[in-house]
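Using numbering that gives the first Met the number 0, the letters of the sequence shown map in sequence onto residues 0 to 289.
Worksheet: one structure, shown below.
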Amino acid sequence: MILPQVEVGGRTSVESMIARVARLPVQGTILPRLQRMLSEPDSNGDDVLKMIKLDPGLIGRVLRRSNSVTFANGSRIGSIEEAIARIGYHEVNRLLLESVTHRLLARPLRCYGLASGVIWRASLVCAFAMEMLAEHTHRSQDTAYTLGLLHAVGMIVISHEMEAEHLSQPLLGNPFEPDLGERERMRFGFDHAEIGAELLRFWEFPESMIESVRFQLNPTLCRTTPKLACLLALARWVRNRICAETGWGDFEAPDPYLMKLATVDEEELNQICEVAEERLDAAESLAASW
0 MILPQVEVGG
10 RTSVESMIAR
20 VARLPVQGTI
30 LPRLQRMLSE
40 PDSNGDDVLK
50 MIKLDPGLIG
60 RVLRRSNSVT
70 FANGSRIGSI
80 EEAIARIGYH
90 EVNRLLLESV
100 THRLLARPLR
110 CYGLASGVIW
120 RASLVCAFAM
130 EMLAEHTHRS
140 QDTAYTLGLL
150 HAVGMIVISH
160 EMEAEHLSQP
170 LLGNPFEPDL
180 GERERMRFGF
190 DHAEIGAELL
200 RFWEFPESMI
210 ESVRFQLNPT
220 LCRTTPKLAC
230 LLALARWVRN
240 RICAETGWGD
250 FEAPDPYLMK
260 LATVDEEELN
270 QICEVAEERL
280 DAAESLAASW
């Protein structure tokens, strides 16, 4: 689905909004290409290495991870080739995702009233929840984790454009409330899920991931990947529960229909919340060294 030409401040189309964000110093297009390489059992190591060397920040993270307590076994290395061999492609994939998305999502989103790092933190929680939901439903955990990290990229597009139009005041209200999409559609004619899907299309992600992001606010309308979209909607619920200012006791229960489609119950979601919060604390400690 191609979004309509909607104007912000009287002049901006969806295509130009995407193009402007695409010029940010973030290697978005490297993600799907390198992920495809890393997921293929007969991947050419030289090609993978060439792709990784396009991102100096990723090189540093791979080296630091390879020399961490988990992987080092008392010996330190300084070669990127040795580092990749030590930690493996799966770990490289995770570091790639976190490297790219951290640079994109760590910025403040002023039109949503969010300080630096808040949406990055929320996206990590969503990724952790997606990974656990995928394991529960026997789906690709790597795909689910990626979807969780990238589910809110549309908010970056909207915020970046509004700042370009010198509209930096918090016009859209609390982004962790369920009616966010409705407020965005009233303001622009589309929501962050729709424009986020178009950014993933620009970055050449698989159609299944594009459509899951597009329908994350209305997963029952998704015809191509309904269960994946439902999982993302439930992961958003976990995200909101952990990251919203609303107290846990006052937070509304998840949609029973979505839980049925995803074959999870509220007790399991509560457990996912607890684990995701623990993992978030650990991830924030690691990110402090970035």
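For glycine and all other residues, C-beta sits at the position ideal for the given N, C-alpha and C.
> Hey, serine 207 and threonine 219: beta-carbon distance below 8 Å or not?
Replying inline: As a working mapping, residue 207 is identified with position 208 in the sequence shown. As a working mapping, residue 219 is identified with position 220 in the sequence shown. Their beta carbons are not under 8 Å apart, which means serine 207 does not touch threonine 219 by this criterion.
>> Considering only their Cβ atoms, is the gap separating serine 122 from leucine 104 smaller than 8 Å?
In response: Residue mapping note: residue 104 aligns to position 105 of the sequence shown, counting from 1. Residue mapping note: residue 122 aligns to position 123 of the sequence shown, counting from 1. Yes; because the gap between Cβ atoms is below 8 Å, this pair is in contact.
> In terms of DSSP beta bridges, what is leucine 113 paired with?
Replying inline: What you label residue 113 is simply residue 114 of the sequence shown in a count that begins at 1. Leucine 113 is bridged to Leu108.
> Counting pairs of beta carbons, one from the region 80-94 and one from the region 60-67, are three or more of them closer than 8 Å?
Replying inline: Judged by pairs of C-beta atoms under 8 Å, the region 80-94 touches the region 60-67, as three or more such pairs exist.
> With distances taken between CB atoms, is the gap from cysteine 110 to methionine 185 smaller than 8 Å?
Replying inline: On the sequence shown, position 111 is the one that residue 110 refers to. On the sequence shown, position 186 is the one that residue 185 refers to. No; because the gap between Cβ atoms is not below 8 Å, this pair is not in contact.
> Where do the ends of the alpha helix (DSSP H) carrying valine 263 lie?
Replying inline: Along the sequence shown, one-based indexing puts residue 263 at 264. Judged by DSSP secondary structure, valine 263 falls outside any alpha helix (DSSP H); it is assigned neither H nor E.
>> Please report the distance separating the alpha-carbon of serine 98 from that of glutamate 273.
In response: What you label residue 98 is simply residue 99 of the sequence shown in a count that begins at 1. What you label residue 273 is simply residue 274 of the sequence shown in a count that begins at 1. A straight-line Cα-Cα distance of about 25 Å links serine 98 and glutamate 273.
>> Quick check on DSSP: helix, strand or coil for isoleucine 271?
In response: Against the sequence shown, residue 271 aligns to sequence position 272. If DSSP states are grouped into helix, strand and coil, isoleucine 271 belongs with the helices.
>> Distance check for serine 78 and cysteine 242, CA to CA, integer angstroms please.
In response: For the purposes of this step, residue 242 is taken as the residue at position 243 of the sequence shown. For the purposes of this step, residue 78 is taken as the residue at position 79 of the sequence shown. So the two alpha carbons sit approximately 38 Å from each other.
> Going by the CB atoms, is the gap between isoleucine 118 and alanine 143 shorter than 8 Å?
Replying inline: Within the sequence shown, residue 143 is the residue found at index 144, counting from 1. Within the sequence shown, residue 118 is the residue found at index 119, counting from 1. Against a cut-off of 8 Å, the Cβ pair of isoleucine 118 and alanine 143 comes out as no contact.
> Using the C-alpha atoms, what's the distance from glutamate 266 back to alanine 232?
Replying inline: For the purposes of this step, residue 232 is taken as residue 233 along the sequence shown, with counting starting at 1. For the purposes of this step, residue 266 is taken as residue 267 along the sequence shown, with counting starting at 1. Taking the straight line from one Cα to the other gives about 17 Å.
> Measuring CA to CA, which of Arg85, Arg235, Glu81 is closest to tyrosine 70?
Replying inline: Start at 1 with the first residue of the sequence shown, and residue 70 comes out as number 71. The identity of residue 70 in the sequence shown is phenylalanine, whereas the question assumes tyrosine. Taking the Cα of phenylalanine 70 as reference, the smallest distance to any Cα among Arg85, Arg235, Glu81 is reached at Arg85.
> So is proline 255 buried or exposed if we call it buried at 16+ other beta carbons inside 10 Å?
Replying inline: Residue 255 sits at position 256 when you count from the first residue of the sequence shown. When all chains shown are included, proline 255 counts as exposed.
> Among Ile271, Asn72, Leu146, Arg60, which residue has its Cα nearest to the Cα of phenylalanine 214?
Replying inline: Within the sequence shown, the letter at position 215 stands for residue 214. Nearest in C-alpha terms to phenylalanine 214, of all of Ile271, Asn72, Leu146, Arg60, is Leu146.
> Which word fits glutamate 14, buried or exposed, when buried means at least 16 other C-beta atoms lie within 10 angstroms of its C-beta?
Replying inline: Taking the first residue of the sequence shown as position 1, residue 14 is located at position 15. Result: exposed.
>> I need the boundaries of the alpha helix (DSSP H) containing phenylalanine 201, first residue and last residue.
In response: Taking the first residue of the sequence shown as position 1, residue 201 is located at position 202. The continuous alpha helix (DSSP H) containing phenylalanine 201 extends over residues 191-201.
> Is isoleucine 51 near the ligand ATP, going by C-beta to nearest heavy atom under 7 Å?
Replying inline: Looking for the ligand ATP in the displayed structure turns up nothing, as the structure carries no ligands at all.
> Which residue's Cα is closest to the Cα of lysine 226: Met129, Ile58, Leu260, Pro253?
Replying inline: Indexing the sequence shown from 1 puts residue 226 at position 227. The shortest Cα separation from lysine 226 among Met129, Ile58, Leu260, Pro253 belongs to Leu260.
>> In whole angstroms, give me the CA-to-CA distance for phenylalanine 175 and arginine 235.
In response: Start at 1 with the first residue of the sequence shown, and residue 175 comes out as number 176. Start at 1 with the first residue of the sequence shown, and residue 235 comes out as number 236. Answer to the nearest angstrom: the Cα atoms are 9 Å apart.
> Leaving out five residues before and five after tryptophan 247 in sequence, what residues of the same chain have Cβ atoms less than 7 Å from its Cβ?
Replying inline: Position 248 of the sequence shown, counting from 1, holds the residue named residue 247. Reliability fails at tryptophan 247, whose pLDDT of 49 lies under 50, so the model's placement of it is uncertain and the value that follows must be treated cautiously. If the five residues before and after tryptophan 247 are omitted, its C-beta is found closer than 7 Å to the C-beta atoms of Arg240, all from its own chain and listed in chain order.
> Is the beta carbon of phenylalanine 198 sitting closer than 8 Å to the one on isoleucine 17?
Replying inline: As a first step, residue 198 must be located in the sequence shown, where it is residue number 199. As a first step, residue 17 must be located in the sequence shown, where it is residue number 18. A quick correction: the sequence has leucine, not phenylalanine, at residue 198. In this structure, leucine 198 places its C-beta atom within 8 Å of the C-beta atom of isoleucine 17.
> Hey, quick one: how far does the alpha helix (DSSP H) through asparagine 173 stretch, first residue to last?
Replying inline: The residue you call residue 173 lines up with position 174 of the sequence shown. No alpha helix (DSSP H) holds asparagine 173; DSSP gives it neither H nor E.
> Buried or exposed: which applies to glutamate 290, given that a residue is buried once 16 or more other Cβ atoms fall within 10 Å of its Cβ?
Replying inline: The structure shown does not extend to residue 290, since the chain spans only 0 to 289, so no value can be given for it.
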